[in-house]
Amino acid sequence: MSAAGRTSAGWWLLILPALLLVLVFYIAPILQVLAISVSEPEPGFANYERLWTSEGVQRVILTTLRICTITTALALLLGYAIAYAITLASPRARGWWMLAVLVPLWISVLVRAFAWVTLLRRQGLVNNMLMQWGLISEPLALVWNEFGILVGMVHYMVPFAVLPMLSTMREIDPRLLAAARGLGASRGQVFRSIFLPLSTPGVIAAGVLVFIFSLGFYITPAILGGGKTLMAAEWISLQILDLIRWGLGTMLATVLVLAILVTLIVFSRVVDLRRMFGTGG
Amino acid sequence: MHGTYGAGPFGRGLAWATALYLLLPILIVVPVALTDQRYLSLPKDGISLRHFETVLTSPEWLGSIWQSFTIAIAASALSVVAGTLCAIGCWRVSRRSTDIVRVLMLLPLIIPSIVYAIGLYRYFGPLGLLDRFLGVVIAHGVTGIPYVVITVSTALATFDPRLEQAARGMGASLFQTLRWVILPRIMPGIFSGAIFAFIHSWDELVMVLFIASRDVFTLPRRIWDGINENLDPAMAAVAVLLIVFTLSLLLADRALRRRSEAG
Amino acid sequence: MSALAGHALALRGLTKRYGAFTAVDDVSLEVAQGQFLTLLGPSGSGKTTILMAVAGFVAPSAGTVLLDGGDITPLPPEKRDFGMVFQGYALFPHMSVADNVAFPLRVRGMSRADRDAKVRAALDLVQLQKFTDRLPRQLSGGQQQRVALARALVFDPKLLLLDEPLSALDKKLRAELQEELKALHRRIGRTFVNVTHDQEEALSLSDTIAILNHGKLVQIGDPNGLYERPRTRFVADFLGKSNFLEGTVRTRMAEGFLLEAGPVQLRVHGAGPAEGTRALLSLRPEKLALLAEGETADNVVEGTIRAWSYLGAGSSLVVATEHLGEIRAVLPAWKSSIDPAEGLRVRLGWAADAAVPVEEDAA
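Chains as they are written, first to last, in this note's numbering: chain A, 1478 to 1758; chain B, 1021 to 1283; chain C, 542 to 904.
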């Protein structure tokens, strides 16, 4: 008993450095954010009352929820198509499809936002091309608005949607699909009654993940929104860096964290973050 | 048995369209970086490397690249040491008692970096870590731990715990067991974790926006200013350099994993 | 139901190549209405590929699949109306037993009421009435196998295809389900095509067995004929066990010939190869007898027991002989006049019609 106890203490010692680092330099600053939200400018829940009284706060929350919902839906649709193609592809083709998913995943988010600006701005490549072909006479407003945010966010989120769906789809026994066809089902029927229901847990996991990541997303909306369409993260940064309203900024930050944790707990049965990154490497 | 069921034309078409949507915008920066014009555009009369020259001879860009590089090296070293030890500890200590530790280690992936960044902004003030190399290294190092914990845990999952028990049974100390039995087996996982932690720090912007201002001015910070202030082809050249750098890191990771799987 | 409920299947020159590798090589065979055909062979013999070509999952490189004389080669699997029991059963894990069985009816657009009646009848057929609402993972292996059968039969398929249907079950259950499968086949009178590598299963279930090796059809026939008169060494060896005796054909007689193996002359019934040629005999271990003092037989050899094992119903001996090598014999326990022991000198005897000449396999 004592020998086993000593060994166990040795292993705990290995955990200690990471635990201390995370507690002192991660958890503590975040707890401080929660604390500021109920103590500045004065102690109490005055900051949280703004959730009900301030139209500005409500508009930011609604914009954030709207953009996140649309982003999640589109990322799931496109991600599903890719994950489906990967699952049914030959092993060789599978490698290329995976590349199409993993390369964007690891390319700097700034580079991607920059690429979209290059493409979508008024004198950008897309508008130039459309004008040259005579399809439009005036440049379209494709960026620095909600459309631009959506294009960039969906682009960022599709790989995150693909990975959990893919790991669920790869567990589907291909013999089930063959069996369904052998029993007389058309391609559409096989998809609807076998493949889709069996891949649903992956879709839910992917949806939760993309939604959570979208909620607190900062860089892409800030660059492609051009300061006109404010989402939660950019609004928080604005409160703190420009308006020095710590109480309001930390209040929304707290709400953000709570929303994310509640979503995760509710869906904790289907979301496995570790698994997602396990296939993502 | 494969090939007995394939995607229909709609599914296939959507998958191809999505792949193009994912890759084309990233590829488009290459011709833009090679433009012979002074503004963001495709090459007109021929290609030119002058924008790469601008970047690679600019003391500001080179300074930021060097700063980002040293920060990423130091931060990923911190993540690798802390994350690897933690993953090994969690693997050996019973699952239930380390559950809370595992959840804590995953938090930086889940909580938006904006929340952490504003927290650090206040927290680092009194500690004198604002706009300091050490401050950024700590912030990046701590948030890089999850990547290492995940890759190392994955490597450990296929590792037979009896090997460790056998080593201890033959009289090896905990340190000797780590050094000679466990670490060599999980090296590929540690290396992957190091690459991901490195990329995490190298690309990180949100924290830097809050905890660094003048003395520490990393590459992402300079790109951010560039996008918001002057959109010129030099930015595209920087983007291409970044893409090439990230891809070569990923290829290195893949090659190493292939070799360890084959060996 | 009458035997006419079945359909006749024929393969003509069926060939499947994967690059340079030929998985199925010019196989032609016929299955009459209501017959039970088993494709038997070791793994890699092409038996599963043939079944998949019949089911429509594998497109042949050459040759045709005919159903009642009509070419069905280009039809996709869902248009063939064949029931199939997959290896590992391939039950849909998210559907109850009843939904699994109803699946082929649902995709054919059958009304709910008709569907329910048919599902009930099919589950009755396999005695699973009580399990309709269970999920597949809540069933035992044998029960899953029966659900797969009910699902494959519920839509009155033209053929029933079985891909190693019993391989996942333990030995006792396998024997039980073999009998059920055979009874089922008799009762519904449909044409069954079964794939297996288990020779006992093939012998006990089939009307016709097709033996395959390296993608080629080696021999086809009824179980008894194949067992008693194997054409090649491979067939004799794969279907049951066999001793092989090699020698030169000498004197031909009215009812057979003499085979010369060194100083030993063996009497063999039946038409053999021409005089003076080398010949190979297959001799089943159970056709040998241990001769008591003074007893005699058409052929007698002497040898020493090198190994023996008791099998309950009988015992198995390996006897080392001077000129014929090691000979394996299986003797019924109740008939044995001698207690076997290692090193014991014994005489083995067999009738002239017990051994059959077989061909050496083509390389």
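All C-beta atoms, glycine included, are put in the ideal place defined by N, C-alpha and C.
Quick one: what does DSSP say residue i is sitting in, helix, strand or coil?
i, result
"LYS557 (chain C)", "strand"
"PRO617 (chain C)", "coil"
"MET542 (chain C)", "Because MET542 (chain C) sits at a pLDDT of 40, beneath the cut-off of 50, its placement in the model cannot be relied upon, and the point is left open."
"ALA1137 (chain B)", "helix"
"ASP711 (chain C)", "coil"
"GLN1057 (chain B)", "coil"
"PRO898 (chain C)", "strand"
"ALA1662 (chain A)", "coil"
"ASN1250 (chain B)", "coil"
"ARG921 (chain C)", "Given that chain C is displayed from residue 542 to residue 904, the structure contains no residue 921 (chain C) and the question cannot be resolved."
"TYR1167 (chain B)", "helix"
"GLN806 (chain C)", "strand"
"VAL734 (chain C)", "strand"
"VAL695 (chain C)", "coil"
"ALA853 (chain C)", "Strictly speaking, residue 853 (chain C) in this sequence is Gly, with Ala absent from that position. Correct three-state label for GLY853 (chain C): coil."
"MET1255 (chain B)", "helix"
"ASP880 (chain C)", "coil"
For chain C, is any of its Cβ atoms less than 8 Å away from the one on residue i?
i, result
"ALA1662 (chain A)", "yes"
"GLN1666 (chain A)", "yes"
"ARG1652 (chain A)", "yes"
"ALA1590 (chain A)", "no"
Using a C-beta cutoff of 8 Å, does residue i count as contacting chain A?
i, result
"ALA1217 (chain B)", "no"
"ARG731 (chain C)", "no"
"TRP1244 (chain B)", "yes"
"LEU1034 (chain B)", "yes"
"PRO804 (chain C)", "no"
"ASP622 (chain C)", "yes"
Quick one: residues in its chain with C-beta nearer than 7 Å to the C-beta of residue i, no 5 flanking neighbours on either side, listed in chain order?
i, result
"ARG793 (chain C)", "GLU816"
"LEU824 (chain C)", "SER783, ASN784, LEU786, TRP891, ALA895 and ALA896"
Taking its Cβ as the centre, do 16 or more other Cβ atoms sit within 10 Å of residue i, making it buried, or is it exposed?
i, result
"ASP1273 (chain B)", "buried"
"ASN840 (chain C)", "buried"
"GLY678 (chain C)", "First, the residue type needs correcting, since residue 678 (chain C) is Arg and not Gly in the sequence shown. The residue is exposed, with fewer than 16 neighbouring Cβ atoms inside 10 Å."
"HIS864 (chain C)", "exposed"
"MET1753 (chain A)", "Residue placement at MET1753 (chain A) is flagged as unreliable, the pLDDT there being 48, under the threshold of 50; a coordinate-derived value is accordingly withheld."
"GLN685 (chain C)", "buried"
"MET542 (chain C)", "With a pLDDT of 40 at MET542 (chain C), under the threshold of 50, the modelled position of this residue cannot be trusted, and the question is left open."
"SER1614 (chain A)", "exposed"
"GLY560 (chain C)", "exposed"
"THR1077 (chain B)", "exposed"
What does a CB cutoff of less than 8 Å around residue i pick up in its chain, not counting 5 residues either side in sequence?
i, result
"GLY1213 (chain B)", "SER1099, VAL1100, GLY1103, THR1104, TYR1167, VAL1168, VAL1169, ILE1170, THR1171 and VAL1172"
"ILE1626 (chain A)", "ILE1544, THR1697, PRO1698, LEU1701, GLY1702, THR1706 and MET1708"
"ILE1093 (chain B)", "PHE1218"
"ALA1027 (chain B)", "ALA1035"
"ARG1277 (chain B)", "PRO1208 and SER1212"
"ALA564 (chain C)", "LYS557, ARG558, GLY587, THR590 and GLY756"
"SER1117 (chain B)", "none"
"LEU493 (chain C)", "There is no way to answer for residue 493 (chain C), as the model of chain C reaches only from 542 to 904."
For residue i, write down the residues that DSSP places opposite it in a beta bridge.
i, result
"LYS659 (chain C)", "DSSP, once it has assigned bridges, lists no residue as partnering LYS659 (chain C)."
"ALA820 (chain C)", "C:GLY788"
"VAL859 (chain C)", "C:ALA848 and C:ARG869"
"TRP891 (chain C)", "C:ASN840"
"TYR1633 (chain A)", "DSSP output for TYR1633 (chain A) lists no bridge partner at all."
"THR563 (chain C)", "C:ARG558"
"GLN760 (chain C)", "C:ILE752"
"PHE577 (chain C)", "C:PHE733"
"ARG886 (chain C)", "C:THR845"
Cutting at 6 Å between CB atoms, please list the residues of its own chain near residue i, excluding the five before and the five after it.
i, result
"LEU664 (chain C)", "GLN670 and ALA691"
"LEU578 (chain C)", "VAL572, VAL734 and THR749"
"GLY803 (chain C)", "HIS864"
"HIS810 (chain C)", "GLU796, GLY797, ALA893 and ASP894"
Between residue i and chain B, is the shortest Cβ-Cβ distance under 8 Å, so that the two count as touching?
i, result
"TRP1593 (chain A)", "yes"
"ILE1613 (chain A)", "no"
"LEU1643 (chain A)", "no"
"TYR1525 (chain A)", "no"
"ALA1736 (chain A)", "no"
"GLN1535 (chain A)", "no"
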